[in-house]
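Trainee:
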Amino acid sequence: MNVLLINGSPKGDASNSMRLASAFLDGMRDAMPDIGLRTMAVSTADISPCKGCFACWSKTPGECCMHDDMTGVLKSEKWADVTIWSFPLYYFGVPGPLKTLIDRQLPTMLPFMVERSDGVGNGAHPSRFDRSNKRNVLISTCGFYTSKGNYDAVTGMFDHICGRSNYETVFCGQGELFRVRELRGKTDPYLIVVRQAGREFAAAGAIGAETRGRLSEPILPKETYEAMADASWGIDKDVAAGKAEQSGQGGKARASAPQALAFTRQMALLYNPKSYSGTLRVIEMDYTDIGEVYQISLTEQEATVVEGRAATATTVIKTPFELWQRIARGEIEGSQALGQGLYTVEGDFSLMLHWDSVFGTGDGSSDSATVRKSSRPAARPPLMLASLLPLTVFWACVPIDATLGSMVVLGVCALEPLLLHRHELTVYDDISMAMASLLALAMLAGVGNLWAQPASYLLFGAMWAASCATSVPFTAYYVKALYGGDKALGNPLFMSCNRILTLAWAAVFALNAVVAQVLASTPAHAYSGLVVSGLSLLMGLFTKWFQGFYPAWVAAGRPSPLKG
Ligand SMILES: Cc1cc2nc3c(=O)[nH]c(=O)nc-3n(C[C@H](O)[C@H](O)[C@H](O)COP(=O)(O)O)c2cc1C
30 MNVLLINGSP KGDASNSMRL ASAFLDGMRD AMPDIGLRTM AVSTADISPC
80 KGCFACWSKT PGECCMHDDM TGVLKSEKWA DVTIWSFPLY YFGVPGPLKT
130 LIDRQLPTML PFMVERSDGV GNGAHPSRFD RSNKRNVLIS TCGFYTSKGN
180 YDAVTGMFDH ICGRSNYETV FCGQGELFRV RELRGKTDPY LIVVRQAGRE
230 FAAAGAIGAE TRGRLSEPIL PKETYEAMAD ASWGIDKDVA AGKAEQSGQG
280 GKARASAPQA LAFTRQMALL YNPKSYSGTL RVIEMDYTDI GEVYQISLTE
330 QEATVVEGRA ATATTVIKTP FELWQRIARG EIEGSQALGQ GLYTVEGDFS
380 LMLHWDSVFG TGDGSSDSAT VRKSSRPAAR PPLMLASLLP LTVFWACVPI
430 DATLGSMVVL GVCALEPLLL HRHELTVYDD ISMAMASLLA LAMLAGVGNL
480 WAQPASYLLF GAMWAASCAT SVPFTAYYVK ALYGGDKALG NPLFMSCNRI
530 LTLAWAAVFA LNAVVAQVLA STPAHAYSGL VVSGLSLLMG LFTKWFQGFY
580 PAWVAAGRPS PLKG
């Protein structure tokens, strides 16, 4: 199948409508991978307006007296089985240059007048070539919230050109949303439906009723879209409506303030209610460079934006507006900017740790759940248990019975890769298994527990400490899945927090070694295990507290002892 794609937007590649046309084409290719494609952009083509001389009907039948890019367009139209007309709605019609291209179709028609059989208008000109197998698809975006009722002039014209409804249409309101990167979470699902439409068109020659129904659904609710669109102009509605001259502002009032409001509303639109934590959260956006404050309330149903400080904020983000826009556009990583102290966060910091699921396209129930769902069994995140298990078994079993305990350790090390085969194993899991196996073999070879126990703590602690000299400290490997996976490794706060915790745990293991060694030669040696367990328990509690405290401390602009 040959396809000619005509980009009728004066914006060329930046066209919103072309995003839809590309998705439609992708869908066609899904169904027919070997499609032949020619594209032409009206904005860069040299196509002069028709002179109305009728030379193409009299002096040079079928040939225009002007020789410009239209010659190639007409050839491509003959070559194509399907012509896709992609264009914006301009004044309820097609843009002028595209209308020029349509006017220049005259050489393809015969001058004679014939009756129409489809009841469109009163007369037509027959085509010079057989168009019976040619198909046309109109793909267009417009600025109003819905396409409904806005395309009458367009369909009126194409009914005349192609025959009544003898073409497919994808008309979409809210077209300007497609160029807003921050709203991809809302527009991408629409493009998926357009792609499905392309698939159906290529496979069955028409867009199915269900897909057509989904295409007609507005991307955003009418009120939200219109409020956002109005605010996006950075012009005060009342001032523009009449008081502009008196105020001398020409309708331009505090340009950045409405822009910041529109931007904050856009952010709120991305809220994923599935991430609702059970209590109302209020985020305060304090745009320090423009002196504007907005609050976003996150409820079970929606996120609403109010101007000023209306409620008690649970999280306060103090940031230059310009910086927050760059973060939203993906030009700078939010966590990196936070790590560099470019903005600060006060109050509930857990929101920042799960930002992507709160304002993203994930299912929002929990980040780790998202990771697990999307992972194939073989790629499940690493488990810290894999590293702890061999030595924990060693510490628990060997003091009871050195020989039997050592054999249990060897058995666990042999079985562990099998038991945890669905999880990614880290180098630390391998080292732990090797360490525990060697210690167990040493025990079987006659090394006394007096040395083996402290040595095991020291070796294990040394491994944790050594990991801090690498780019990824020990604990970061195991908890990254809870914070967005590998992305968390680029978060300086996450990394410095884990570096501190890993070092602290290494110190606790060293302390365990000392305790085990000191108590071994005293009557209290029976309590050695209890003391060691108590120390680990305390460290566990500290870890839990520190994971919440530290990021919030640094995010509030206080100094960090370590760099990520
Ligand atoms: C001159 C002009 C006229 C427009 N007329 C209409 C219109 O009549 N109805 C409408 O809904 N949108 C109208 N729009 C908005 C565009 O259709 C809308 O921004 C569209 O998404 C642009 O698509 P494009 O990026 O493919 O060019 C108009 C825009 C311009 C610049």
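So the mapping is simple: my numbering equals the position in the sequence shown, first residue as 1, plus 29.
In this text, a Cβ means the ideal position worked out from N, Cα and C, and glycines have one as well.
All values reported here derive from a predicted model rather than from experimental measurement.
Does DSSP classify A273 as helix, strand or coil?
Mentor: Residue placement at A273 is poorly supported in this model, since its pLDDT is 48, which falls under 50; the coordinates still yield a value, given next. Note: A273 maps to helix in three-state DSSP.
Trainee: Who are the Cβ neighbours of Y457 in its own chain at under 8 angstroms, not counting the five residues just before and after it?
Mentor: Result list for Y457: S416, M492, S496, F503 and Y506, in chain order.
Trainee: Give me, in chain order, the residues of the same chain whose beta-carbon lies closer than 8 angstroms to that of C171; leave out the 5 immediate sequence neighbours on both sides.
Mentor: Hits under 8 angstroms: P117, L118, N179, Y180, F200, C201, G202 and G204.
Trainee: Considering only the alpha carbon of each residue, which of A332, D315 and F230 lies closest to T112?
Mentor: Out of A332, D315 and F230, F230 has the C-alpha closest to the C-alpha of T112.
Trainee: Within 10 Å of its beta-carbon, does A332 have 16 or more other beta-carbons around it, so buried, or fewer, so exposed?
Mentor: Burial call: buried.
Trainee: Measuring only the C-alpha atoms, how far is R338 from R310?
Mentor: Cα-Cα distance, rounded: 14 angstroms.
Trainee: Where does A535 sit, in a helix, a strand or coil, going by DSSP?
Mentor: Looking at A535 - three-state DSSP - the assignment turns out to be helix.
Trainee: Pairs of beta-carbons, one from the segment 87-95 and one from the segment 54-71, closer than 8 angstroms: are there three or more?
Mentor: The segment 87-95 vs the segment 54-71: no contact.
Trainee: Among the candidates H189, R145 and D110, whose CA atom is the shortest distance from the CA of D132?
Mentor: Here the closest residue by C-alpha is H189.
Trainee: For G122, which beta-bridge partners are listed by DSSP?
Mentor: Partner(s): Y119.
Trainee: Give the range of the beta strand (DSSP E) segment to which I35 is assigned.
Mentor: From DSSP, the beta strand (DSSP E) with I35 extends over N31 to N36.
Trainee: CB of G125 to nearest heavy atom of ligand 1: below 7 angstroms?
Mentor: It does not: the Cβ of G125 is nowhere closer than 7 angstroms to a heavy atom of ligand 1.
Trainee: Decide if the segment 339-358 is in contact with the segment 537-557; the criterion is three or more beta carbon pairs, one per stretch, under 8 angstroms apart.
Mentor: As far as the Cβ criterion goes, the segment 339-358 does not touch the segment 537-557, which means the pair count is below three.
Trainee: Spatial neighbours of V501 within its chain, please: C-beta separation below 7 angstroms, excluding the five flanking residues on both sides.
Mentor: Correct list, in chain order: L518.
Trainee: Could you pull the start and end residues of the beta strand (DSSP E) that C191 belongs to?
Mentor: That residue, C191, is in no beta strand (DSSP E); its alpha helix (DSSP H) goes D181 to C191.
Trainee: Of all the options Y120, T343, A226 and I356, which has the alpha carbon lying nearest to the alpha carbon of I168?
Mentor: Of Y120, T343, A226 and I356, the residue nearest in Cα terms is A226.
Trainee: Going straight from the alpha carbon of E239 to that of P126, what length do you get?
Mentor: About 34 angstroms.
Trainee: Between M142 and G152, is the Cβ-Cβ spacing less than 8 angstroms?
Mentor: The answer is yes: Cβ separation under 8 angstroms.
Trainee: How many Å lie between P287 and L212 at the Cα?
Mentor: Between P287 and L212, the C-alpha separation is close to 18 angstroms.
Trainee: For P406, count neighbouring Cβ atoms within 10 angstroms of its own Cβ and tell me buried if that reaches 16, exposed if not.
Mentor: Caution is warranted here: a pLDDT of 44 is assigned to P406, below 50, making its placement in the model unreliable, and the coordinate value is therefore given only provisionally. That one is exposed.
Trainee: Relative to the alpha-carbon of L16, which residue among L479, F489, L299 and L371 has its alpha-carbon at the smallest distance?
Mentor: The structure shown has nothing for residue 16, since the chain only spans 30 to 593.
Trainee: Taking DSSP as the reference, what is the three-state secondary structure of Y316?
Mentor: Looking at Y316 - three-state DSSP - the assignment turns out to be strand.
Trainee: Give a single yes or no on whether T68 has its beta carbon closer than 7 angstroms to a heavy atom of ligand 1.
Mentor: Flag unset: Cβ of T68 not near ligand 1.
Trainee: Quickly, what does DSSP pair T216 with across the bridge? List them, please.
Mentor: Partner(s): none; T216 has no beta bridge.
Trainee: For the beta strand (DSSP E) containing E239, list its first residue and its last residue.
Mentor: Unbroken run through E239 is the alpha helix (DSSP H), A238 to L244; no beta strand (DSSP E).
Trainee: Assuming S304 and V387 form a contact by the criterion Cβ under 8 angstroms, report the distance between their Cβ atoms to the nearest whole angstrom.
Mentor: Right, their Cβ atoms sit about 5 angstroms apart.
Trainee: Is I221 helix, strand or coil by DSSP?
Mentor: It is helical.
Trainee: Going by DSSP in three states, K347 sits in which element: helix, strand or coil?
Mentor: Strand.
Trainee: To which residues of the same chain is L418 closer than 7 angstroms at the C-beta, ignoring the five residues directly before and after it?
Mentor: Result list for L418: V441 and E445, in chain order.
Trainee: Under a three-way DSSP split, which group does N45 fall into?
Mentor: Reduced to three states, the DSSP call for N45 is helix.
Trainee: So who's on the other strand from F200, going by DSSP bridges?
Mentor: S169, per the DSSP bridge assignment.
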